[in-house]
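In the UniProt record's numbering, the protein residues as written are 1 to 202.
Ideal Cβ placement from N, Cα and C applies to all residues, glycine included.
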Amino acid sequence: MIRCCQRPFVWPVLLRMAGTGSSQLQSSGMLSREQLLQLFDRFSFITSRSDAKKRIAEALNDKQEAVAVTTAIQEEIFLEMGVDPRFGLSCLGKVNMAYENDKDLMVRFYKFVADEEMVYEETELGAEGFKENLHAQQKLREQQLGMLNEMRKFHLDDQSAILEKLHQHMENANFEGEVSVLSSEQIQEIVGRRVSPLFRPR
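This is the structure in structure tokens:
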């Protein structure tokens with residue numbers, strides 16, 4: 001998607017879109033909110049189907065990048081919408097600037113990006129591996145939430161020290177997800193070295 005805007009045109013799709021000349025396709029301005037939502041919904045629907053997953057899997061087996069297939073799918077959707085695919089893809093790179101104040105749309109946009117990444121993961125890992133990966137991510141998020149709740153017990157200066165130590169910890173481990181959590185004992189040790197009182201919110 002955004003990472004790969006210069007993909008080859010999908011000429012078979014153009015042929016199927018008989019009667020839609022390039023001069024009739026939108027190629028200027030910016031995609032509207034409604035157009036973006038239409039793209040997001042349509043992409044989510046198509047990539048949830050077994051034929052799309054098979055298409056991506058076949059591309060991987062042929063040593064192609066999965067992003068080439070998802071980009072082609074997006075190009076096809078743009079054609080259905082009457083939008084020049086290259087123009088549509090370029091607009092995706094401008095969503096952050098054009099709609100930065102539309103929080104609801106930005107949430108949908110980030111979900112759209114996350115959905116695309118999940119399509120890649122599911123294809124590469126297989127159904128069982130993908131399920132295990134999701135479970136591991138959920139467990140990690142719960143641990144991170146627990147760490148944040150533990151941090152809130154302390155003074156803001158102590159919280160800064162904890163975050164600094166966490167960053168060092170992650171940097172030393174090349175930012176592996178599993179090390180993005182400090183245990184309660186590690187947090188207590190960091191704070192203990194500072195000899196700072198507990199922060200007791202009112």
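Option nearest residue i by Cα separation, candidates the options
{"i": "K94", "options": "L36, G82, R55 and G192", "result": "L36"}
{"i": "S90", "options": "L166, Q24 and G29", "result": "G29"}
{"i": "E80", "options": "L92, R42, R108 and Y110", "result": "R42"}
{"i": "Q24", "options": "R49, K54 and F87", "result": "F87"}
{"i": "residue 250", "options": "N96, I162, Q168 and H167", "result": "Nothing can be reported for residue 250, as the shown portion of the chain is limited to 1 through 202."}
Rounded distance between the beta-carbons of residue j and residue i, thought under 8 Å
{"i": "I73", "j": "T47", "result": "7 Å"}
{"i": "L140", "j": "V181", "result": "7 Å"}
{"i": "R108", "j": "F45", "result": "Not confirmed; about 14 Å, so no contact."}
7 Å Cβ cutoff met for residue i and residue j
{"i": "V113", "j": "Q26", "result": "no"}
{"i": "Q159", "j": "M170", "result": "no"}
{"i": "T70", "j": "E116", "result": "yes"}
{"i": "L92", "j": "Y99", "result": "no"}
Review point. Would you say the region 106-121 touches the region 63-78, given that touching needs at least three Cβ pairs under 8 Å?
Key: These segments touch.
Exercise for review: Give a yes or no on contact between the region 23-34 and the region 54-62, applying the rule of three or more CB pairs nearer than 8 Å.
Suggested key: The region 23-34 vs the region 54-62: no contact.
Practice item. Let me know the alpha helix (DSSP H) ranges lying completely inside the region 143-194, each 4 residues or longer, listed in chain order. Key: Within the region 143-194, the complete alpha helix (DSSP H) segments of 4 residues or longer fall at 156-172 and 184-194, listed in chain order.
Practice item. Would you list, in sequence order, the uninterrupted beta strand (DSSP E) runs of no fewer than 3 residues that lie entirely inside the region 69-113? Key: Here no run is fully enclosed.
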